[in-house]
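Down below is the structure, laid out as structure tokens.
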Amino acid sequence: MLKLVKSGDFLAASLNMELSVKTGKWHTASGVKCELLGRGILQITPPDLAEDTKDIVLSSGVHGDETSPIELVQQLARRILVDGLVPAHRLLLIIGHPEAINLHKRFVVENMNRLFNTENPTENPDCLRANELQQAVINFYSHPDRQQASRWHLDLHCAIRDSEHYTFAVSPFTENPTRSKALFSFMQRAELEAVLLSSSSSSTFSWFSAEKFSAQALTVELGKVAKFGENDLERLAAFDQAMLELVTVPQVEYHWQGDLLSIYKVTRTLVKQTDEFKLNFPNDQANFTFFDQGKLLGSDEGVEYFALEGGEAVVFPNANVALGQRACLLVRKTEVNLGEQITVK
Ligand SMILES: O=C(O)CCC(=O)N[C@@H](CCC(=O)O)C(=O)O
Ligand SMILES: [Zn+2]
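If you read the sequence shown in this note's numbering, its first letter stands for residue 46, the second for the next number, and so on.
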């Protein structure tokens, strides 16, 4: 496994279940320290750690069928491992769920992106892997010499349906100051079209880093799911470039450019309470489809959900989730105050 990673193929090494997990440390020819901490978990330390060096987690493949982010993380790993790229920041590169990726499935038994909170009972492969990833992130951010470091986490996904915004991000809800001007400027630089400001806690991977470590964290949605090799990475070039800049430039000078990024607040999260839960539109309804005030959106035992005053748009609709899980987000465009932290007006 180590040999394959050293040769630049972090992804192939992570997915080959016949290779036993071998951890190890080495330096690239450019002096970058690499540590394979487990399957699909690669820590990168630049030769010089300055005061403004960030600790950045870049994760992909938390959902096994969302392949374009996995290709982007592999590309970045290769640039560092064999092409001489020297990052300016400590990085934790993650290929999230190799077993689900090999099955070409979103998850094995249950949605791993709802398992990031505390240690999970070791019931199934998704719980086991979520535990392993949580521990890797805890160790990465808890390095004793790095307690003052600025922490970032971009958890890269792609949507399983069409979307009126091809790329967008979800900013998880936490009381911590995790909506910095730098993070929002990064989104503009990356040409993300929109961001959703969550209004409740969610047990996602990005929420875990925001809530437990005050990381500037986002779930980033990069286009629509496709098979390996069929992704149009050209459409993600601006994101890839901004990510490269984020990891290689000590302090990026970002500028806020007005209204390039559409900002939405989450007005409601519809949770599937019973098996009676229904949405009044198909599961493949495009993200950000807008419904006028009063339109019936869905129902559950003894309750009907209508679009609120001013209308609401739907994101991630899925009536087939497990009981107690989110069946969709309802969102509305919002204005924000632009301070050092972005807040909803
Ligand atoms: O297109 C979809 O319905 C799902 C895409 C996806 O996996 N989205 C993430 C968003 C996580 C978040 O809210 O931060 C998910 O559902 O886990
Ligand atoms: Zn996903």
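Built from N, CA and C at the ideal position, the CB exists for glycine as well.
Going straight from the alpha carbon of Glu298 to that of Trp197, what length do you get?
Numbered from 1 along the sequence shown, position 253 holds the residue referred to as residue 298. Numbered from 1 along the sequence shown, position 152 holds the residue referred to as residue 197. Going from the Cα of Glu298 to the Cα of Trp197 covers about 16 Å.
Verify whether the separation of the beta carbon atoms of Ala43 and Tyr309 is less than 8 Å.
Past the boundaries of the shown model lies residue 43; the chain is included only from 46 to 390, so the question cannot be answered.
Excluding five sequence neighbours on each side, which residues of the same chain lie with their C-beta closer than 8 Å to the C-beta of Glu354?
Indexing the sequence shown from 1 puts residue 354 at position 309. Excluding residues within five positions, the ones whose Cβ falls inside 8 Å are Gln338.
For ligand 1, is there a heavy atom less than 7 Å away from the beta-carbon of Glu256?
Here residue 256 is taken as the residue at index 211 of the sequence shown, counted from 1. Checking every heavy atom of ligand 1 against the Cβ of Glu256, none is found closer than 7 Å.
Could you tell me how far apart the beta carbons of Thr68 and Leu82 are, in whole angstroms, since I believe they sit closer than 8 Å?
In the sequence shown, the residue the question calls residue 68 occupies position 23. In the sequence shown, the residue the question calls residue 82 occupies position 37. Contact flag correct, Cβ pair sits at about 6 Å.
Helix, strand or coil: how does DSSP classify Ile205 here?
Counting from one through the sequence shown, the residue named residue 205 turns up at place 160. In this structure, Ile205 counts as coil in the three-state DSSP scheme.
In chain order, what are the residue ranges of uninterrupted beta strand (DSSP E) at least 3 long that sit wholly in the stretch 307-385?
307-316, 334-336, 341-345, 348-351, 357-360, 371-378, 381-383
Which of helix, strand or coil does DSSP assign to Thr264?
Translated into the one-based positions of the sequence shown, residue 264 becomes position 219. It is a strand residue.
Glu96, buried or exposed, once every other Cβ within 10 Å from all chains shown has been counted against 16
Taking the first residue of the sequence shown as 1, we reach residue 96 at position 51. Counting Cβ neighbours within 10 Å, Glu96 comes out exposed, since fewer than 16 surround it.
Check for me: the alpha helix (DSSP H) holding Phe55 runs from which residue to which?
Position 10 of the sequence shown, counting from 1, holds the residue named residue 55. Counting along the chain, the alpha helix (DSSP H) containing Phe55 begins and ends at 55-60.
Taking DSSP as the reference, what is the three-state secondary structure of Phe229?
Numbered from its first residue, the sequence shown carries residue 229 at position 184. It is helical.
DSSP state of Lys8 mapped onto helix, strand, coil
This structure cannot speak to residue 8, because the chain is shown only from 46 to 390.
For Val311, is the classification buried or exposed, using 16 other Cβ atoms within 10 angstroms of its Cβ as the cut-off for buried?
On the sequence shown, residue 311 is found 266 positions in, with the first residue counted as 1. Flag for Val311 reads buried.
For the alpha helix (DSSP H) containing Glu177, list its first residue and its last residue.
In the sequence shown, residue 177 corresponds to position 132, counting from 1. First-last of the alpha helix (DSSP H) with Glu177: 170-186.
On the three-pair Cβ rule with 8 Å, is the stretch 63-79 touching the stretch 226-236?
no
Within 10 Å of its beta-carbon, does Asn276 have 16 or more other beta-carbons around it, so buried, or fewer, so exposed?
Position 231 of the sequence shown, counted from the start, is the residue given in the question as residue 276. Result: buried.
Which of helix, strand or coil does DSSP assign to Ala283?
Translated into the one-based positions of the sequence shown, residue 283 becomes position 238. Correct three-state label for Ala283: helix.
Rank Phe250, Met288, Leu47 by C-alpha distance to the C-alpha of Val118 and give the top, closest one.
Within the sequence shown, numbered from 1, the residue matching residue 118 stands at position 73. Per the Cα distances, Met288.
My output table needs one value for Glu144: the three-state DSSP class, helix, strand or coil.
Walking along the sequence shown from the start, residue 144 turns up at place 99. Here Glu144 sits in helix by DSSP.
On the three-state DSSP scale, how would you describe Leu305?
As a working mapping, residue 305 is identified with position 260 in the sequence shown. Leu305 falls in the coil class under three-state DSSP.
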